[in-house]
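Trainee: Chains as they are written, first to last, in our numbering: chain A, 36 to 419; chain B, 17 to 567.
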Amino acid sequence: MVLVDLSTGELIAEPDTPATVLEPDSNEEALASAVGGNAGPIAIMFPSFADGRGFSLARILRDRLGFTGEIRAVGSLIPDQSQFLLRSGFDTAEIADPDAAETWRRTLTLIRHSYQPSARNPMPLRWNASTKAAAELDRALNATDDLAERIRLIAERIDGRIAFSTSVGLEDQVILQAIAKSGVVKAGADIDVFTLDTGRLFPEVLETIELSELRYRTRIRLVSPEAREVEELVRRDGVYGFRRSIENRKSCCEIRKVRPLNRALQGAQAWITGLRRDQSDARADVPMAEWDKERGLIKINPLADWSEERLNAYIDDNAVLVNPLHAQGFVSIGCAPCTRPIEPGEDPRAGRWWWEAEGMKECGMHVAESERPAAPVAQQEKAA
Amino acid sequence: MYRYDEFDHAFVNERVAEFRDQVARRLTGELSEEEFRPLRLRNGLYLQLHAYMLRIAIPYGQLSPRQLRQLGMIGRKWDRGYGHFTTRQNLQFNWIKLVDVPDVLAALADVEMHCIQTSGNCVRNVTSDPYAAAANDELEDPRVWCEILRQWSTLHPEFNWLPRKFKIAVSGAAEDRAATAFHDIGLRIVRGPDGENGFRVLVGGGMGRTPYVGQVIREFLPKEHLLSYVDSILRVYNLLGRRDNLYKARIKILVNALGIDKFREAVETDWEATNKDAVDLPEDEIRRIASYFAPPDLPERAPRDEALAARRESDSGFAIWYRNNVLAHRVPGYASVVISLKEPGRTPGDASSDTMDLVADLAERFGHNEIRTNYTQNLVLPHVALADIPALYDVLAEAGLAVGNNEMLGDMICCPGLDYCNLANARSIPIAKEIAKRFEDPERQAEIGKLRVNMSGCINACGHHHSGNIGILGVDKRGTELYQITLGGSPKDDAAVGTIIGPGFRAEKVPEVIDTIVDTYVENRQEGESFLETWRRVGAAPFKEALYGAR
Numbered sequence: 036m037v038l039v040d041l042s043t044g045e046l047i048a049e050p051d052t053p054a055t056v057l058e059p060d061s062n063e064e065a066l067a068s069a070v071g072g073n074a075g076p077i078a079i080m081f082p083s084f085a086d087g088r089g090f091s092l093a094r095i096l097r098d099r100l101g102f103t104g105e106i107r108a109v110g111s112l113i114p115d116q117s118q119f120l121l122r123s124g125f126d127t128a129e130i131a132d133p134d135a136a137e138t139w140r141r142t143l144t145l146i147r148h149s150y151q152p153s154a155r156n157p158m159p160l161r162w163n164a165s166t167k168a169a170a171e172l173d174r175a176l177n178a179t180d181d182l183a184e185r186i187r188l189i190a191e192r193i194d195g196r197i198a199f200s201t202s203v204g205l206e207d208q209v210i211l212q213a214i215a216k217s218g219v220v221k222a223g224a225d226i227d228v229f230t231l232d233t234g235r236l237f238p239e240v241l242e243t244i245e246l247s248e249l250r251y252r253t254r255i256r257l258v259s260p261e262a263r264e265v266e267e268l269v270r271r272d273g274v275y276g277f278r279r280s281i282e283n284r285k286s287c288c289e290i291r292k293v294r295p296l297n298r299a300l301q302g303a304q305a306w307i308t309g310l311r312r313d314q315s316d317a318r319a320d321v322p323m324a325e326w327d328k329e330r331g332l333i334k335i336n337p338l339a340d341w342s343e344e345r346l347n348a349y350i351d352d353n354a355v356l357v358n359p360l361h362a363q364g365f366v367s368i369g370c371a372p373c374t375r376p377i378e379p380g381e382d383p384r385a386g387r388w389w390w391e392a393e394g395m396k397e398c399g400m401h402v403a404e405s406e407r408p409a410a411p412v413a414q415q416e417k418a419a
Numbered sequence: 017m018y019r020y021d022e023f024d025h026a027f028v029n030e031r032v033a034e035f036r037d038q039v040a041r042r043l044t045g046e047l048s049e050e051e052f053r054p055l056r057l058r059n060g061l062y063l064q065l066h067a068y069m070l071r072i073a074i075p076y077g078q079l080s081p082r083q084l085r086q087l088g089m090i091g092r093k094w095d096r097g098y099g100h101f102t103t104r105q106n107l108q109f110n111w112i113k114l115v116d117v118p119d120v121l122a123a124l125a126d127v128e129m130h131c132i133q134t135s136g137n138c139v140r141n142v143t144s145d146p147y148a149a150a151a152n153d154e155l156e157d158p159r160v161w162c163e164i165l166r167q168w169s170t171l172h173p174e175f176n177w178l179p180r181k182f183k184i185a186v187s188g189a190a191e192d193r194a195a196t197a198f199h200d201i202g203l204r205i206v207r208g209p210d211g212e213n214g215f216r217v218l219v220g221g222g223m224g225r226t227p228y229v230g231q232v233i234r235e236f237l238p239k240e241h242l243l244s245y246v247d248s249i250l251r252v253y254n255l256l257g258r259r260d261n262l263y264k265a266r267i268k269i270l271v272n273a274l275g276i277d278k279f280r281e282a283v284e285t286d287w288e289a290t291n292k293d294a295v296d297l298p299e300d301e302i303r304r305i306a307s308y309f310a311p312p313d314l315p316e317r318a319p320r321d322e323a324l325a326a327r328r329e330s331d332s333g334f335a336i337w338y339r340n341n342v343l344a345h346r347v348p349g350y351a352s353v354v355i356s357l358k359e360p361g362r363t364p365g366d367a368s369s370d371t372m373d374l375v376a377d378l379a380e381r382f383g384h385n386e387i388r389t390n391y392t393q394n395l396v397l398p399h400v401a402l403a404d405i406p407a408l409y410d411v412l413a414e415a416g417l418a419v420g421n422n423e424m425l426g427d428m429i430c431c432p433g434l435d436y437c438n439l440a441n442a443r444s445i446p447i448a449k450e451i452a453k454r455f456e457d458p459e460r461q462a463e464i465g466k467l468r469v470n471m472s473g474c475i476n477a478c479g480h481h482h483s484g485n486i487g488i489l490g491v492d493k494r495g496t497e498l499y500q501i502t503l504g505g506s507p508k509d510d511a512a513v514g515t516i517i518g519p520g521f522r523a524e525k526v527p528e529v530i531d532t533i534v535d536t537y538v539e540n541r542q543e544g545e546s547f548l549e550t551w552r553r554v555g556a557a558p559f560k561e562a563l564y565g566a567r
């Protein structure tokens, strides 16, 4: 027996024992007592994969009884039910054949669009309850000027994993500090802080991550690109191939940043970024929160309306830990070969890919998929 | 009609890719046949007597010319050049190869069609009135709500593994032309106490081996709560429906075991506890969907067309066809035209790829690009100008499609029977052909008047024999095909299940038996009485006597 995490498709190494096992004919009392007893995993038994009662039980536990702990599907199930399980409120599924785990992982992403809202729907929704929720969050965030309050609002309104992608830039350090100070993680918010380890980061970035983990008592995950894809890219374009053409540069960003990002965001309900409107023309209109249709989550930019002055003032007032490179004239910091310091008065993103034209300088993380070039390397599958 | 946007296209393409993956896993043996079966069924793929059968969803029976041509192409390329229109407004191909199915699904996706949930224990294609947006007795267009239900039910995470299949029909007119009383859920759009439209909700109707007429679970449901209420009905059924016995697993059995009052209480309790806002569609989304169903722009025309009237005077064949197959339209100067697929001697509901192409052309020339299918297995052009009808008729007549028997005895509903189906106990198509031949004379049919004759080749009742005025059920009695006759069924507002009249008959006797029943009706009827009215007045005795008296 192995246990599959339905939000990622990964196996869970050392699962807890369920506190309760519910039979499919469990009545309301049995459900209520399972919820009331403790927050340990509730297992729901499927005597046959064709017996769909467990789907309704999970939904009642989630929507009616407000259970937020782990719900586990046990018994007879097939991988093709993975999405139905996830969207009905299950977190995990116990499977007998470890060899089938790969199929479970794959079936989770075969269908990426849905017509029904549910508590843990990772997919874009036809009628966009998500758009509505995003618009409401946007309004709420706009209504307060206080960063700590914004962080609390995000934690309160998002049910599920909140991904926070940090590049360890000034904005991201401010958000990290605000999250730490707000205490939302202690209160139960599931905030997943990660950085994209492109393989070309400045050593100062890694040092700052180390110090930040200590100071803000958090773990910052490093998300790596697929080794095979990087090898293929370098074989095709060379070790600094991104200098030769915009296409090459975008291929490099795609493989080292965009795809790993999409992988890290999978299953998350929301994504926090440090985008600010006055960073560049391309970012002049970013909202506080919006529904990201392609990734199926709410993208949140809690500093969208902050000016550079305000950012610097906050850093000074709160003694926010920052990357020492900023003191050397670096402003927007990406990969080492593609970032240089800028002069006072230059556009803040002038130091990124400085040999390319203004206005187009995005790595693709914050650009809609439909507007990005086709995947560069032979295999064309979408970054899952 | 509804148009897919990027979202719907992406979804249907993903579904095709998913099925390719499932077929591949079946072929490597990673999926057992037991595991693969429900997955292929959920994509409309049955294993029948001779080959795979693929059932294609025609949501609420609506087709564009482009879609109908694509169906014709699929029939030519991957089947034997014809398809079968079903009693649930779908289309079936009977000779599809498993390896071709993913390609067929991709060809369907190209024209915004699919086979999703046309089989399996899940919510099936939602059916409706073929005259929607054309009939003059319509309160509100039911297709909007059908499309809303189609989207809601598609891959519903909670309701894809129900005890048994689940069928929903919606009617928005004064007359029920969707047989809503014979569905798991039947929805009738009605005017509510405040003058607002809503739904009268029926539950637990159905045919099969235990036929029931649906019962009212709610007299009036505000429209905006349709999804949350249907959601609650499905949840109660999913949790309480029987799973120990295939034949007792439909919701009708649960409703009748609990009684409608207890069942209603369970549903209402669940509904009260539902966060309705999370399930019901936002107003904007209802408006978005409704906007696709604006009726075509039909400039008013003269309510009487002289050339048409003259043709009716001079051409009796045309006159008969016109009387039966041309129906009133809400816009003056227009009509809805039924293209009968019931030519005597041909399989009811079958259409060749050539016929599909022809009807697509006619819809473009005369029919504002709309085609409908109806549950009586015919095609309908809902919006045709009266002035165009003679020209339309001439094209149909040349192709052998000007069969003027809509709703008459010759318009039999019939399942594929033992010739195709591995559930059937008896043949149905050859019997239907024999009956059609016996009553071929249009004058005779005209004298008899409207009469619904339905035939099923087994107790599963795909041919709706329970709701036929005359129903014929093929059974197997110790190796012999016998045909049981029921009388007095109706699929309409006076919905009723037919009564078995007596012992069954051998196949070769059936046409004569129908003749005897029809004669008995004609002898006993009073001026202007329908078959049902006569039956309800005189009862079974004269029919029994005519059929069995001599023994």
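Positions of the beta carbon are idealized from the N, C-alpha and C atoms, including for glycine.
All figures in this text were calculated on a predicted structure; none of them were measured in a lab.
Taking the DSSP output, what are the residues bridged to D227/A?
Mentor: Taking the first sequence and counting its residues from 1, one reaches residue 227/A at position 192. Beta-bridge pairing links D227/A to A198/A.
Trainee: Starting from L346/A, follow the alpha helix (DSSP H) in both directions and report where the run begins and ends.
Mentor: For the purposes of this step, residue 346/A is identified with residue 311 of the first sequence, where counting begins at 1. Here the alpha helix (DSSP H) through L346/A covers E343 to N353.
Trainee: Could you tell me the distance, in whole angstroms, from the CA atom of T196/B to the CA atom of I307/A?
Mentor: If you number the second sequence from 1, residue 196/B lands on position 180. If you number the first sequence from 1, residue 307/A lands on position 272. Using only the alpha carbons, I get a separation of about 50 angstroms.
Trainee: Would you report the Cα separation of A448/B and V354/B, rounded to the nearest angstrom?
Mentor: Here residue 448/B is taken as the residue at index 432 of the second sequence, counted from 1. Here residue 354/B is taken as the residue at index 338 of the second sequence, counted from 1. Each residue's alpha carbon lies about 20 angstroms from the other.
Trainee: A418/B and W569/B - do their beta-carbons sit closer together than 8 angstroms?
Mentor: Absent from the model: residue 569/B. The displayed extent of chain B is 17 to 567, so no value can be given.
Trainee: Considering just the uninterrupted stretch of the alpha helix (DSSP H) at K292/A, what are its terminal residues?
Mentor: The residue labelled residue 292/A in the question sits at position 257 within the first sequence. In the DSSP annotation of this structure, K292/A is not part of any alpha helix (DSSP H), being labelled neither H nor E.
Trainee: So for P408/A, helix, strand or coil by DSSP?
Mentor: Here residue 408/A corresponds to residue number 373 of the first sequence, with the count starting at 1. Confidence is the limiting factor: at P408/A the pLDDT is only 48, short of 50, which leaves the residue's position unreliable, though a coordinate-based value still follows. Reduced to three states, the DSSP call for P408/A is coil.
Trainee: State the DSSP-derived secondary structure class of V220/A, mapped to helix, strand or coil.
Mentor: Numbered from its first residue, the first sequence carries residue 220/A at position 185. Three-state result, V220/A: coil.
Trainee: With DSSP as the reference, label K417/A as helix, strand or coil.
Mentor: Within the first sequence, residue 417/A is the residue found at index 382, counting from 1. Its pLDDT being 35, under 50, K417/A is placed unreliably in this model, and the value from its coordinates should be taken loosely. Under the three-state reduction of DSSP, K417/A is assigned to coil, being neither helix nor strand.
Trainee: Closer than 7 angstroms, Cβ to any Cβ of chain A: which residues of the stretch 291-302 of chain B, in chain order?
Mentor: N291, A294, L297, P298 and E301
Trainee: Which residues, in order along the stretch 242-272 of chain B, keep a beta-carbon less than 7 angstroms from a beta-carbon of chain A?
Mentor: Listed by position, the residues of the stretch 242-272 of chain B near chain A (Cβ gap below 7 angstroms) are R251, N254, L255 and R259.
Trainee: Can you tell me whether G44/A is helix, strand or coil according to DSSP?
Mentor: Taking the first sequence and counting its residues from 1, the one referred to as residue 44/A is at position 9. It is coil, neither helix nor strand.
Trainee: Just mark I578/B as buried or exposed, buried being the case when its beta carbon has 16 or more other beta carbons within 10 Å.
Mentor: Beyond the ends of chain B as shown, which are 17 and 567, falls residue 578/B; an answer cannot be given.
Trainee: Does any residue of chain A bring its CB to less than 8 angstroms from the CB of E51/B?
Mentor: The count along the second sequence starts at 1 and reaches residue 51/B at position 35. Output row for E51/B: interface = yes.
Trainee: Identify each residue in the stretch 36-49 of chain B for which the Cβ-Cβ distance to at least one residue of chain A is less than 9 angstroms, and report them in chain order.
Mentor: Listed in sequence order: D37, Q38, R41, E46 and L47.
Trainee: For N485/B, which residues does DSSP report across the bridge?
Mentor: Taking the second sequence and counting its residues from 1, one reaches residue 485/B at position 469. Per the DSSP secondary-structure output, N485/B pairs with nothing in a beta bridge.
Trainee: Does L145/A get closer than 8 angstroms to chain B when you measure Cβ to Cβ?
Mentor: Here the question's residue 145/A lines up with position 110 in the first sequence. It does; some Cβ of chain B falls within 8 angstroms.
Trainee: T233/A: buried (16+ other C-beta within 10 angstroms of its C-beta) or exposed?
Mentor: As a working note, residue 233/A is residue 198 in the first sequence. Result: buried.
Trainee: Could you tell me whether any Cβ in chain A is nearer than 8 angstroms to the Cβ of E459/B?
Mentor: Here residue 459/B corresponds to residue number 443 of the second sequence, with the count starting at 1. Cβ-Cβ to chain A under 8 angstroms: no for E459/B.
Trainee: Is it the case that the Cβ atoms of R187/A and Q304/A are separated by a distance below 8 angstroms?
Mentor: One-based indexing of the first sequence puts residue 187/A at position 152. One-based indexing of the first sequence puts residue 304/A at position 269. No, they are not a contact pair.
Trainee: Taking the straight line between their C-alpha atoms, what separation do you get for V117/B and S352/B?
Mentor: As a working note, residue 117/B is residue 101 in the second sequence. As a working note, residue 352/B is residue 336 in the second sequence. Each residue's alpha carbon lies about 35 angstroms from the other.
Trainee: List the DSSP bridge partners of C500/B.
Mentor: Numbered from 1 along the second sequence, position 484 holds the residue referred to as residue 500/B. Cys is not the amino acid found at residue 500/B; the sequence shown has Gln there. According to DSSP, Q500/B bridges with L489/B.
Trainee: Would E456/B and P364/B qualify as a contact pair, given that the criterion is a beta-carbon distance under 8 angstroms?
Mentor: Residue mapping note: residue 456/B aligns to position 440 of the second sequence, counting from 1. Residue mapping note: residue 364/B aligns to position 348 of the second sequence, counting from 1. In this structure, E456/B lies away from P364/B, with their beta-carbon atoms at least 8 angstroms apart.
Trainee: Distance cutoff 8 angstroms, beta carbons only. Does R284/A sit that close to anything in chain B?
Mentor: Within the first sequence, numbered from 1, the residue matching residue 284/A stands at position 249. So no, R284/A is outside the interface.
Trainee: Quick one: what does DSSP say K334/A is sitting in, helix, strand or coil?
Mentor: Taking the first sequence and counting its residues from 1, one reaches residue 334/A at position 299. Reduced to three states, the DSSP call for K334/A is strand.
Trainee: Distance, Cα to Cα, Y537/B vs A413/B?
Mentor: Here residue 537/B corresponds to residue number 521 of the second sequence, with the count starting at 1. Here residue 413/B corresponds to residue number 397 of the second sequence, with the count starting at 1. Rounded to whole angstroms, Y537/B to A413/B spans 32 angstroms at the Cα level.
Trainee: Using a Cβ cut-off of 7 angstroms, pull out every chain A residue sitting near A289/B, in sequence order please.
Mentor: Numbered from its first residue, the second sequence carries residue 289/B at position 273. The answer, in chain order, is R99.
Trainee: Could you check what DSSP says for C373/A in three-state terms: helix, strand or coil?
Mentor: On the first sequence, position 338 is the one that residue 373/A refers to. DSSP places C373/A in helix when its eight states are reduced to three.
Trainee: How do the stretch 223-240 of chain A and the stretch 285-301 of chain A stand: do at least 3 beta-carbon pairs fall below 8 angstroms, yes or no?
Mentor: yes
Trainee: Return the residues of the stretch 91-120 of chain B that lie within a Cβ-Cβ distance of less than 7 angstroms from chain A, sorted by chain order.
Mentor: none
Trainee: Under 8 angstroms between the Cβ atoms of T502/B and H480/B?
Mentor: To locate residue 502/B, count along the second sequence from 1; it is residue 486. To locate residue 480/B, count along the second sequence from 1; it is residue 464. Contact: no.
Trainee: Against chain A, does Q167/B count as a neighbour if the rule is that its beta carbon must be under 8 angstroms from one of theirs?
Mentor: Taking the second sequence and counting its residues from 1, the one referred to as residue 167/B is at position 151. Using beta-carbon distances, Q167/B counts as an interface residue toward chain A, with a partner under 8 angstroms.
Trainee: Could you spell out the range, first to last residue, of the beta strand (DSSP E) harbouring I387/B?
Mentor: For the purposes of this step, residue 387/B is taken as residue 371 along the second sequence, with counting starting at 1. Taken as a continuous stretch (DSSP letters only), the beta strand (DSSP E) holding I387/B covers I387 to T389.
Trainee: Specify whether the stretch 251-259 of chain B and the stretch 293-311 of chain B touch according to this definition: at least 3 beta carbon pairs, one from each stretch, less than 8 angstroms apart.
Mentor: With a cut-off of 8 angstroms, the stretch 293-311 of chain B and the stretch 251-259 of chain B do not count as touching, because too few Cβ pairs lie within range.
Trainee: Please name the residue in E316/B, A379/B, A325/B and H130/B whose C-alpha comes closest to that of N29/B.
Mentor: Mapped onto the second sequence, residue 29/B falls at position 13. The shortest Cα separation from N29/B among E316/B, A379/B, A325/B and H130/B belongs to H130/B.
Trainee: Count the other CB atoms, across all protein chains shown, that sit within 10 Å of the CB of M471/B; report buried if there are 16 or more and exposed otherwise.
Mentor: Walking along the second sequence from the start, residue 471/B turns up at place 455. Its Cβ being crowded by 16 or more others within 10 Å, M471/B is buried.
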